[in-house]
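Have a look at the structure below before the remarks.
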Amino acid sequence: MMNTMGIATRIKPVTKSLGELQVRRSLPDKRRQRVGPFIFFDHMGPAKFLPGTGVNVRAHPHIGLATITYLFEGEILHRDSLGHMQPIRAGEVNWMTAGRGIVHSEKVTDEILASGQKLHGIQAWVALPSEYEEIEARFEHYTAADIPALSLPGATVSVIIGEAYGATSPVRTESETLYVELRLDAGATVPVPKSEELAVYVISGNIAIEDEPSAASELVILDDNFTGSITATTNAHVLLLGGAKLEGDRFVWWNFVSSSRERIEQAKRDWNEGRFGRVPGETDYVALPRK
15 MMNTMGIATR IKPVTKSLGE LQVRRSLPDK RRQRVGPFIF FDHMGPAKFL
65 PGTGVNVRAH PHIGLATITY LFEGEILHRD SLGHMQPIRA GEVNWMTAGR
115 GIVHSEKVTD EILASGQKLH GIQAWVALPS EYEEIEARFE HYTAADIPAL
165 SLPGATVSVI IGEAYGATSP VRTESETLYV ELRLDAGATV PVPKSEELAV
215 YVISGNIAIE DEPSAASELV ILDDNFTGSI TATTNAHVLL LGGAKLEGDR
265 FVWWNFVSSS RERIEQAKRD WNEGRFGRVP GETDYVALPR K
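Here the sequence shown is numbered in our numbering, starting from 15 and rising by one per residue.
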């Protein structure tokens, strides 16, 4: 039965440690694997790294998905097996389509390592439609100036991916995807853009969704094709994420996503046997988990 208030599910994230960085993971969850194409959602920080410490995610593989990195503060250095080396900073987007396979690392520059930094952002994955799971890998970087920004009464909006509030993001996707950042003044009310599936993630502050309260670090999944609004009961920072439903099941194991169990088994063998590419100039990598 549909929730009459428009809320289908509420998810409290679980805390995971990624080396020196703790993240709060909302997707996948036992109650809901994905929202639109979003199948993985990590909230990183806010964290303060002292000089000599920093993000150090060694080279690791992906298939069948695209990663989206979006920062509110700080900097991460992306390197991949296609030869890209690209720092990402606040307000920018790194989109990496794994397709049939890619390897990447996420670290910091020597300068950031020496000085330390504050880091805060989101790492998300979207599952690819089955007909695109084996496409060629690609990587694209978008500057903050590339991402449409607009003002609504009591709110500033960044349309990271998709179309909303009369603006269209240039980020290229394989399926209908919506990803929007809202910074709301206390008392502001904004309509929720139309999307077949949509969730609201509260980064900070408190909001109400059609009079139903929600607080920081809660992922609120709305009923399909929800129409309504969000009201900030305090100053609030919010993300909207979703899009069109993907057909069929998706299997997730480690960093692999596929509509085929056998394809994931093949990816395991390929990583163990060195058939993925390598990140140029890097020799350290993450071994396949024994599970």
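For each residue, glycine too, the CB sits at the ideal point set by N, CA and C.
The structure displayed is predicted, hence computed values, not measured ones.
For the pair of segments examined, the region 156 to 171 was found not to touch the region 111 to 126: the number of CB pairs separated by less than 8 Å stays below three. Assigned with DSSP and collapsed to three states, tyrosine 156 falls in strand. An exposed status is given to aspartate 298, since fewer than 16 other beta-carbon atoms sit within 10 Å of its beta-carbon. In the three-state reduction of the DSSP assignment, alanine 112 falls in the coil class. Per the Cβ contact rule, the region 243 to 253 is not in contact with the region 30 to 47 (fewer than 3 Cβ pairs under 8 Å). Take the alpha-carbon of leucine 233 and the one of valine 206: they are about 15 Å apart. Counting along the chain, serine 129 sits inside the alpha helix (DSSP H) bounded by residues 124 to 129. For lysine 44, there is no enclosing beta strand (DSSP E), as DSSP marks it with neither H nor E. Rounded to whole angstroms, the gap between the alpha carbons of arginine 48 and proline 143 is 13 Å. In the three-state scheme derived from DSSP, where H, G and I count as helix and E and B as strand, asparagine 220 is classed as strand.
The beta-carbon distance between leucine 192 and alanine 202, rounded to whole angstroms, is 20 Å. This is too long to meet the 8 Å contact definition.
Judged by beta-carbon spacing, serine 172 lies beyond the 8 Å limit of histidine 57, meaning their Cβ atoms are not closer than that value. DSSP places arginine 93 inside the beta strand (DSSP E), whose first and last residues are 89 to 94. Within the region 156 to 232, the runs of beta strand (DSSP E) at least 3 residues long that lie entirely inside it are, in chain order, 163 to 166, 169 to 175, 191 to 198, 203 to 205, 211 to 218, 220 to 223 and 226 to 229.
When C-alpha distances from arginine 197 are compared across Pro75, Gly256, Ser218 and Glu287, the shortest belongs to Ser218. Within the region 245 to 304, the runs of alpha helix (DSSP H) that reach at least 4 residues and sit entirely inside it are, in chain order, 275 to 286. Around the C-beta of alanine 141, 16 or more other C-beta atoms lie within 10 Å, and the residue is accordingly described as buried. Excluding the 5 residues flanking it on each side, proline 227 has same chain C-beta neighbours closer than 8 Å at Asn220, Ile221 and Thr247, in chain order. Per DSSP, the beta bridge partners of alanine 141 are Leu79. Where threonine 23 is concerned, the enclosing beta strand (DSSP E) starts and stops at 21 to 25. Relative to phenylalanine 63, the option among Glu89, Glu224 and Arg289 whose CA is nearest is Glu89.
Counting only the Cα atoms, lysine 282 lies some 10 Å from glutamate 276. In this structure, the straight-line span from the alpha carbon of threonine 29 to that of alanine 169 is close to 30 Å. Taking the C-beta atoms as reference points, histidine 118 is found nearer than 8 Å to valine 293. Burial state of asparagine 269 is buried, judged by a 10 Å Cβ sphere holding 16 or more other Cβ atoms. The Cβ atoms of arginine 39 and isoleucine 235 do not sit closer than 8 Å to each other. Taking the Cα positions, glycine 20 is about 21 Å away from leucine 260. With contacts defined as CB atoms closer than 8 Å, serine 209 and glycine 257 qualify as a contacting pair.
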